[in-house]
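Novice: Pasting a structure below so you can have a look.
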Amino acid sequence: MDTAPLRVTMIYPSDCVGSAAYCTAFHIGVKGAEEELGIILTEVNGIENDSVATELLLRDAARNSELVLTAGYQMGDVLARVAPEFPDVKFAIFDVVLDIPNVASVNYKSNEGSFLVGAVAALKSESNKIGYIGGADVALLQEFEAGYVAGIEAVNPEAEITVEYISKDATGFGQPEKAKELALAQYANGIDVIYVAAGGTGQGVLEAAQAQQKFIIWVDANGNHLAPGLVLTSMTKEIPASVQRIIRETADGNFMAGIRYFGLKDGGVSYAVDEHNQPLLSDDIIETVESLKTKIIAGEIVVPDTVSFPRE
Numbered sequence: 043m044d045t046a047p048l049r050v051t052m053i054y055p056s057d058c059v060g061s062a063a064y065c066t067a068f069h070i071g072v073k074g075a076e077e078e079l080g081i082i083l084t085e086v087n088g089i090e091n092d093s094v095a096t097e098l099l100l101r102d103a104a105r106n107s108e109l110v111l112t113a114g115y116q117m118g119d120v121l122a123r124v125a126p127e128f129p130d131v132k133f134a135i136f137d138v139v140l141d142i143p144n145v146a147s148v149n150y151k152s153n154e155g156s157f158l159v160g161a162v163a164a165l166k167s168e169s170n171k172i173g174y175i176g177g178a179d180v181a182l183l184q185e186f187e188a189g190y191v192a193g194i195e196a197v198n199p200e201a202e203i204t205v206e207y208i209s210k211d212a213t214g215f216g217q218p219e220k221a222k223e224l225a226l227a228q229y230a231n232g233i234d235v236i237y238v239a240a241g242g243t244g245q246g247v248l249e250a251a252q253a254q255q256k257f258i259i260w261v262d263a264n265g266n267h268l269a270p271g272l273v274l275t276s277m278t279k280e281i282p283a284s285v286q287r288i289i290r291e292t293a294d295g296n297f298m299a300g301i302r303y304f305g306l307k308d309g310g311v312s313y314a315v316d317e318h319n320q321p322l323l324s325d326d327i328i329e330t331v332e333s334l335k336t337k338i339i340a341g342e343i344v345v346p347d348t349v350s351f352p353r354e
């Protein structure tokens, strides 16, 4: 007897598919699973900065799905309230650590990937001034910061590093104008490479990089093509593959609840080199970064995942 198709709902943090690389990567993943496995897929946009409305959407999805996927730290508290109410429904959340019996908590070692792009930034910078702009000053984005700063300092301890965040909460993921303002100020102060980890807000930094003809490092998905010659590299998470993996495991009856991490060793994160940025990266830069990558995988370098306060 044929097995009925798995009913899957993907709930995005907001209406962000197409405008944010992060959300778009999940869309690519679930659509790939739909094509491969024939799942019955529903995609829903969460209501940005409205946890009550988003919680209602999540409950509705749980009533009509066998597997509910969501992502982003702003969804963590909502899922923590809803998942225990539906013990027979399977949930997966990405980039949030949750230990609930029916939840797969899938996390990426963003600090490791950020370490590598930090090294790239330090090796490429001519001004010795390097920037970071994060969406929200929270633990998830501080993990990117910690790895990035460590990567810079590993190859250039004398570099001057500027760290700025758009806000202290999720509102920072929807403010490209403010991000552009911060980025223009950083570039005006002599910074020649900025790493941005801010969802759709990153578009503002990209516009600033194009206006000033300075380097930007993209995040979550490969954005090297967005501005060839200016996107120095991208810190990539293999989100589509891990999304499809969770759906495939569930469809096969092998859903695994619990906390999981994917890093350099498992191919969960990396830095992107392709035809769009290859001319920017010398053989010496690639050789140095690959050597650092090998040492991280071997455990010879342990990349920090938290920030020491106060920031220097």
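Here this note's numbering is used: the first residue of the sequence shown is 43, the next is one more, and so on. Built from N, CA and C at the ideal position, the CB exists for glycine as well.
(1) Considering only the beta carbon of each residue, do Q254 and Y229 sit closer than 8 Å?
(2) When we look at the beta-carbon of G305 and count the other beta-carbons within 10 Å, is it buried (16 or more) or exposed?
(3) With DSSP as the reference, label V191 as helix, strand or coil.
(4) Would you kindly report the start and end of the unbroken beta strand (DSSP E) that includes Y64?
(5) In terms of alpha-carbon separation, which member of A113, V86, I81 and L48 lies closest to I281?
(6) Using the rule of at least 16 other Cβ atoms within 10 Å of the residue's Cβ for burial, across every protein chain shown, is T243 buried or exposed?
(7) What residue range does the alpha helix (DSSP H) around K279 cover?
(8) How big is the Cα-Cα spacing for E85 and F133?
(9) Does the stretch 95-114 come into contact with the stretch 48-61, if we say contact requires no fewer than three beta-carbon pairs (one atom in each stretch) closer than 8 Å?
(10) Within this structure, are the beta carbons of G155 and I194 separated by less than 8 Å?
(11) Whole angstroms is fine: what's the gap from N170's alpha carbon to P346's?
(12) Which residues share a DSSP beta bridge with R49?
(13) Whole-angstrom Cβ separation of V285 and F68, contact assumed at under 8 Å?
(14) Short check: CB of I288 to CB of A240, under 8 Å?
(15) Taking only the alpha-carbon atoms, compute the straight-line gap between I301 and P143 and give it to the nearest angstrom.
(16) Hey, V235 and I259 are a contact pair by Cβ (cut 8 Å); roughly how many whole angstroms apart?
(17) In terms of residue numbering, what span does the beta strand (DSSP E) encompassing K307 cover?
(18) Need the endpoints of the alpha helix (DSSP H) that T330 sits in, please.
(19) Taking buried to mean at least 16 other C-beta atoms within 10 Å of its own C-beta, is A163 buried or exposed?
(20) Looking at F257 and A251, is the spacing between their C-beta atoms short of 8 Å?
(21) Apart from the five residues just before and just after L182, which ones in its own chain have a Cβ nearer than 7 Å to its Cβ?
(22) Identify every residue that forms a DSSP beta bridge with D262.
(23) So is Q184 buried or exposed if we call it buried at 16+ other beta carbons inside 10 Å?
(24) Please work out which residues of its chain come closer than 8 Å, Cβ to Cβ, to D119, disregarding the five sequence neighbours upstream and downstream, and give them in chain order.
Specialist: Short version:
(1) yes
(2) buried
(3) helix
(4) First-last for Y64: A63 to L79, but that is the alpha helix (DSSP H), not the beta strand (DSSP E).
(5) A113
(6) buried
(7) It is not in any alpha helix (DSSP H) - K279 instead sits in the beta strand (DSSP E) that spans V273 to K279.
(8) 14 Å
(9) yes
(10) no
(11) 22 Å
(12) I82
(13) 6 Å
(14) no
(15) 10 Å
(16) 7 Å
(17) Segment: none, K307 is in no beta strand (DSSP E) and carries neither H nor E.
(18) D325 to A340
(19) buried
(20) yes
(21) Y115 and D137
(22) T278
(23) buried
(24) S93
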